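Chemist: Here it is, the structure, as C-alpha cells.
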Amino acid sequence: MTLAQVKSMNFEKLTIQYDDRVLAPREWTALQSNWAAELLQTLPPGPVLELCSGVGHIGLLAVAQQPRDLVQVDLSETACEYARANAAAAALPSEVEVRHGGMDDVLDPAERFALIIADPPWLTTDRTPDFPEDPLFAVDGGSDGLAVARTCLRVIADHLDEGGSALLQLGSTEQVRALDEQLTASALRVVETRAHRDRGVVARLEP
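What follows is the structure, given as C-alpha cells:
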C-alpha cells in the first residue's frame, strides 16, 4: 500500500494512521467504541459488524477492549486500505476482515452479528462547505443528513442477531427522532442515547 502524507493519532490505546483523502478520526468518537465494548461484555456470542467504518478506529478500539471477530465495511478503497493497516498494527487477538464496497453488496444475506456499529455521514448537504478539510463522500448525509443512516437501519434490521444490539452515531438527538418512521419500518427501537459534550450522539438500537 502506498501512503501519501501519512498522519497518525492516538485513539486511546491505539495508534491510527490516515491521510487527507479520508476522514480524519475524531477523538470524541471513542464514546461509541467504549459503549460497544461495554455492551460486548453481556451480548450473545458472535462477531461485530461496523458500517461506514472509515479507517477502522471505532470498531478496532471496541474489540481491542472486548475481543470479538470484526467485519468492517466502507465505500472508500483508501479508507479500507488504512483500516487493514490499522488492524494489522493493532495486533488484535481476534480476526478483522475489511470489505470494500456498498453495505448491501458485501454482506451475505445469511450473515448475523451480535453487535453492529454504524457511523454514517450525518451532515446536511448545505453544511458540508463549513468543513472543507473533510472529504465530501465521508460527511455528506444528503438533504436532511440521514440518507446513509436510513440504509444503515435497513442493514441492521437484516443482519442483527437475536439478542443483539446496534449503535448508530448521528449528529444530534433531533436526527435520531427524525428516524422514527424508518425505525418502525425496520422493526427497531431506540433503547438509550448517549451524547458527547462537544458533538455527536449515539443511539442504542434493538428489535
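Take the position in the sequence shown, starting the count at 1, then add 115; the result is the number in the working numbering. Beta carbons: idealized from backbone N, C-alpha and C, even for Gly. Just so we're clear, the structure is a prediction, and the values are computed from it rather than from any experiment.
1. Express the C-alpha separation of Asn149 and Leu285 in angstroms, rounding to a whole number.
2. So, is Val263 buried or exposed, given that buried needs 16 or more other C-beta atoms within 10 angstroms?
3. Taking only runs of the beta strand (DSSP E) that begin and end inside the region 139-176, which ones reach a length of at least 3 residues, in chain order?
4. Use the C-beta contact count for Asp189: other C-beta atoms within 10 angstroms, 16 or more gives buried, fewer gives exposed.
5. Which runs of the alpha helix (DSSP H) at least 4 residues long sit entirely within the region 216-270? Give them in chain order.
6. So what does DSSP say about Val137, is it helix, strand or coil?
7. For Asp276, which residues from the same chain have a beta carbon less than 7 angstroms from its beta carbon, with the 5 sequence-adjacent residues on both sides left out?
8. Return the chain-ordered list of same chain residues with a C-beta closer than 8 angstroms to the C-beta of Ala281, the five sequence neighbours on each side being excluded.
9. Which residue wins for smallest C-alpha separation from Leu298, given the options Asp134, Leu268, Glu192?
10. State the Cα-Cα distance for the pair Ser258 and Trp143, rounded to the nearest angstrom.
11. Can you tell which of Leu154, Asp220, Glu192, Gln147 has the C-alpha that lies nearest to the C-alpha of Phe252?
12. Taking 8 angstroms as the cut-off, decide whether the C-beta atoms of Val170 and Glu212 are in contact.
13. In the DSSP assignment, find the beta strand (DSSP E) that holds Leu320 and state where it starts and stops.
14. Using beta-carbon positions only, say whether Leu176 and Phe126 come within less than 8 angstroms of one another.
15. Could you check the C-alpha separation between Cys167 and Thr308 for me, to the nearest Å?
16. Under a three-way DSSP split, which group does Gln132 fall into?
17. If I follow the unbroken beta strand (DSSP E) through Glu277, where does it start and stop?
18. For Gln132, I'd like the list of residues in its chain whose CB is within less than 8 angstroms of its CB, leaving aside the five on either flank, ordered along the chain.
19. Measure the C-alpha to C-alpha separation of Leu261 and Pro182 and round it to an integer number of angstroms.
20. Can you tell me where the alpha helix (DSSP H) holding Asp295 begins and where it ends?
21. Taking DSSP as the reference, what is the three-state secondary structure of Arg304?
Modeler: Result, derived from the coordinates:
1. The residue given as residue 285 occupies position 170 in the sequence shown. The residue given as residue 149 occupies position 34 in the sequence shown. Leu285 and Asn149: Cα-Cα distance of roughly 16 angstroms.
2. Residue mapping note: residue 263 aligns to position 148 of the sequence shown, counting from 1. The residue in question, Val263, is buried, as its Cβ has 16 or more Cβ neighbours within 10 Å.
3. 163-166
4. Taking the sequence shown and counting its residues from 1, one reaches residue 189 at position 74. Under this definition Asp189 is a buried residue.
5. 218-221, 251-254
6. For the purposes of this step, residue 137 is taken as the residue at position 22 of the sequence shown. Correct three-state label for Val137: coil.
7. Position 161 of the sequence shown holds residue 276. For Asp276, where only same-chain residues beyond five positions count, the Cβ hits under 7 angstroms are Pro159, Gly161, Arg227, Phe228, Ala229.
8. Here residue 281 corresponds to residue number 166 of the sequence shown, with the count starting at 1. Excluding sequence neighbours, Ala281 sits near Leu230, Ile231, Ile232, Ala233, Ile271, Leu275, Leu303, Arg319, Leu320, Glu321.
9. As a first step, residue 298 must be located in the sequence shown, where it is residue number 183. Considering only alpha carbons, the answer is Leu268.
10. To locate residue 258, count along the sequence shown from 1; it is residue 143. To locate residue 143, count along the sequence shown from 1; it is residue 28. About 25 angstroms.
11. Along the sequence shown, one-based indexing puts residue 252 at 137. Here the closest residue by C-alpha is Glu192.
12. As a first step, residue 170 is located in the sequence shown; it is residue number 55 there, counting from the start. As a first step, residue 212 is located in the sequence shown; it is residue number 97 there, counting from the start. Going by C-beta atoms, Val170 is not nearer than 8 angstroms to Glu212.
13. Taking the first residue of the sequence shown as position 1, residue 320 is located at position 205. Start and end: 316-321.
14. Position 61 of the sequence shown, counted from the start, is the residue given in the question as residue 176. Position 11 of the sequence shown, counted from the start, is the residue given in the question as residue 126. Yes, the pair counts as a contact, with Cβ atoms nearer than the cut-off.
15. Your numbering for residue 167 matches position 52 in the sequence shown. Your numbering for residue 308 matches position 193 in the sequence shown. Approximately 20 angstroms, taken between the alpha carbons.
16. For the purposes of this step, residue 132 is taken as the residue at position 17 of the sequence shown. Strand, per DSSP.
17. Counting from 1 along the sequence shown, the entry for residue 277 is found at position 162. Residues 275-285.
18. By one-based count along the sequence shown, residue 132 stands at place 17. So the list reads Leu118, Val121, Lys122, Ser123, Val170, Tyr197, Ala200, Asn201, Ala204, once near-sequence residues are dropped.
19. Here residue 261 is taken as the residue at index 146 of the sequence shown, counted from 1. Here residue 182 is taken as the residue at index 67 of the sequence shown, counted from 1. Going from the Cα of Leu261 to the Cα of Pro182 covers about 31 angstroms.
20. Stepping through the sequence shown from its first residue, residue 295 is reached at position 180. From DSSP, the alpha helix (DSSP H) with Asp295 extends over 295-300.
21. Counting from 1 along the sequence shown, the entry for residue 304 is found at position 189. Residue state, collapsed to three classes: strand.
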